[in-house]
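Residues in the sequence shown are numbered consecutively from 1, following full-length UniProt numbering.
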Amino acid sequence: MGSEEGLKFRPMKSISVSLFIAGSLLIGGCSGEETGEGEKLAEEAETRPEPVDTQEDGQVESAKEAIQAVITEMFTAPNEQLRELKQQADELYESDPYSTEEEYTAFMESPEQQAIETYLEETYAPYFTADGFQDQRAGGFSPGYALIGLGKENQAIVRPIEIDQSDNSTAENNYYFTFMVDYTNTAGVTKPYKLEGMAIVPEKGKIGKIIFTDDEGLFEQVSDDRNSELQP
1 MGSEEGLKFR
11 PMKSISVSLF
21 IAGSLLIGGC
31 SGEETGEGEK
41 LAEEAETRPE
51 PVDTQEDGQV
61 ESAKEAIQAV
71 ITEMFTAPNE
81 QLRELKQQAD
91 ELYESDPYST
101 EEEYTAFMES
111 PEQQAIETYL
121 EETYAPYFTA
131 DGFQDQRAGG
141 FSPGYALIGL
151 GKENQAIVRP
161 IEIDQSDNST
171 AENNYYFTFM
181 VDYTNTAGVT
191 KPYKLEGMAI
201 VPEKGKIGKI
211 IFTDDEGLFE
221 QVSDDRNSEL
231 QP
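#1: Name the DSSP bridge partner or partners of Y104?
#2: Hey, could you find the ends of the alpha helix (DSSP H) F133 is sitting in?
#3: May I ask which residues mark the beginning and end of the beta strand (DSSP E) holding Y183?
#4: Whose C-alpha, out of E103, K209, S110, F219, is nearest the C-alpha of V194?
#5: Can M198 be considered in contact with the ligand ADP, in the sense that its beta carbon sits closer than 8 Å to one or more heavy atoms?
#6: Should G58 go down as buried or exposed, given a rule of 16 or more other Cβ atoms within 10 Å for buried?
#7: So if DSSP puts Q113 in a beta bridge, which residue, or which two residues, is it bridged to?
#8: Please classify N174: is it buried, with 16 or more other beta-carbons within 10 angstroms of its beta-carbon, or exposed?
#9: By Cβ distance, which residues of its chain are closer than 6 Å to D96, with the 5 residues on each side in sequence left out?
#10: Which of helix, strand or coil does DSSP assign to T123?
#11: By DSSP, does I21 sit in helix, in strand, or in coil?
#12: If you follow the alpha helix (DSSP H) that T213 is part of, which residue opens it and which one closes it?
#13: Quick one: what does DSSP say Y193 is sitting in, helix, strand or coil?
#14: I need the DSSP call for K64, collapsed to helix, strand or coil.
#15: If you draw a straight line from the alpha carbon of D215 to that of E196, how long is it in whole angstroms?
#16: Is I157 near V70, with beta carbons less than 9 Å apart?
#17: What does DSSP give as the partner residues of D167 in its beta bridges?
#18: Would you decide whether R159 is buried or exposed? Buried here means 16 or more other CB atoms lie within 10 Å of its CB.
#19: Could you work out which residue in T72, E73, E102, A77 is closest to N154 when comparing CA atoms only?
#20: Quick check on T86: does DSSP put it in helix, strand or coil?
#21: Look at the alpha carbon of T184 and the alpha carbon of T190, and state the distance between them as a whole number of angstroms.
This is the structure we're talking about:
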């Protein structure tokens, strides 16, 4: 059992997505004989805040930049810095494996494991809401985190990412993405994989949730390569 267990890594599953629904504003017109009511409605309309134009305030662009940064970090391999940090944590576990909850806690608080935590926070936290980062961290930054356990001969290169905002007015925080990953497996064979998914970006440049709904078998291939390298 390596540090992946300590990190609670588990494959990403497609889950249902909650929509962030914005209310609509309806203002009725009045006839000339109802000027009093019309003036009242006009005054109420003036006191209401103007709806945010996401195109003008950079919301859409910042959302796309955050999604692109996270995907690129997740699916680019090898990551030598993170790989080295993980190797140090693995060596600590192998020299002193934990078997109790107290020992597990001590391992997670070790300098070696905390170095990984610091790396992940510095790398990903700027692109997530506070809750979004904690949820993603609890999942071990799956599936991209799995790539760091592979040998140096394994490579993953992210091609340009296509990101589109939902055209549903009640789900403007939802963004759908498609991209290709050129993955070189343990045998040295390179194959392109098409990945799809979605992200919810409730704050400017801050992802609340990101999920991958289709990977064309990439995650299974990565898992097979990891298992083959663990064989004696």
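Built from N, CA and C at the ideal position, the CB exists for glycine as well.
Owing to the predicted nature of the structure, the values given are computational and were not obtained by experimental measurement.
On the basis of the coordinates in this document:
#1: As a first step, residue 104 must be located in the sequence shown, where it is residue number 104. Answer is none; Y104 lacks a bridge partner.
#2: Counted from its first residue, the sequence shown places residue 133 at position 133. For F133, the enclosing alpha helix (DSSP H) stretches over residues 130–138.
#3: Your numbering for residue 183 matches position 183 in the sequence shown. First-last of the beta strand (DSSP E) with Y183: 174–184.
#4: Position 194 of the sequence shown holds residue 194. In the sequence as displayed, the identity of residue 194 is Lys instead of Val. Residue nearest to K194 within the set E103, K209, S110, F219 is F219 (criterion: CA-CA distance).
#5: Judged by which ligands are present, the structure shown has none, so any question about the ligand ADP falls away.
#6: Translated into the one-based positions of the sequence shown, residue 58 becomes position 58. Label assigned to G58: exposed.
#7: Against the sequence shown, residue 113 aligns to sequence position 113. According to DSSP, Q113 bridges with nothing at all.
#8: Numbered from its first residue, the sequence shown carries residue 174 at position 174. When all chains shown are included, N174 counts as buried.
#9: On the sequence shown, position 96 is the one that residue 96 refers to. The answer is none, since no qualifying residue turns up.
#10: Position 123 of the sequence shown holds residue 123. Of the three classes helix, strand and coil, the one that applies to T123 here is helix, per DSSP.
#11: Here the question's residue 21 lines up with position 21 in the sequence shown. At I21, the pLDDT of 24 sits below 50, so the modelled position is not reliable and the matter cannot be decided from this model.
#12: Position 213 of the sequence shown, counted from the start, is the residue given in the question as residue 213. Where T213 is concerned, there is no enclosing alpha helix (DSSP H), although the beta strand (DSSP E) it sits in stretches over 209–214.
#13: Residue 193 sits at position 193 when you count from the first residue of the sequence shown. Y193 carries a strand assignment under DSSP once its states are collapsed to helix, strand and coil.
#14: Sequence index remark: in the sequence shown, residue 64 carries index 64 (1-based). Here K64 sits in helix by DSSP.
#15: The sequence position of residue 215 within the sequence shown is 215, counting from 1. The sequence position of residue 196 within the sequence shown is 196, counting from 1. Computed Cα separation, rounded: 7 Å.
#16: Position 157 of the sequence shown, counting from 1, holds the residue named residue 157. Position 70 of the sequence shown, counting from 1, holds the residue named residue 70. No, Cβ-Cβ distance for I157 and V70 is not below 9 Å.
#17: In the sequence shown, counting from the first residue as 1, residue 167 sits at position 167. In the DSSP output, where bridge partners are listed per residue, D167 has none listed.
#18: Within the sequence shown, residue 159 is the residue found at index 159, counting from 1. With fewer than 16 Cβ atoms within 10 Å of its Cβ, R159 is classed as exposed.
#19: Here residue 154 refers to the residue found at position 154 when the sequence shown is read from its first residue. Ranking the options by Cα distance to N154, first place goes to A77.
#20: Position 86 of the sequence shown, counted from the first residue, corresponds to residue 86. The sequence given here has Lys at residue 86, not Thr. Of the three classes helix, strand and coil, the one that applies to K86 here is helix, per DSSP.
#21: As a working mapping, residue 184 is identified with position 184 in the sequence shown. As a working mapping, residue 190 is identified with position 190 in the sequence shown. Distance between the alpha carbons of T184 and T190: 4 Å.
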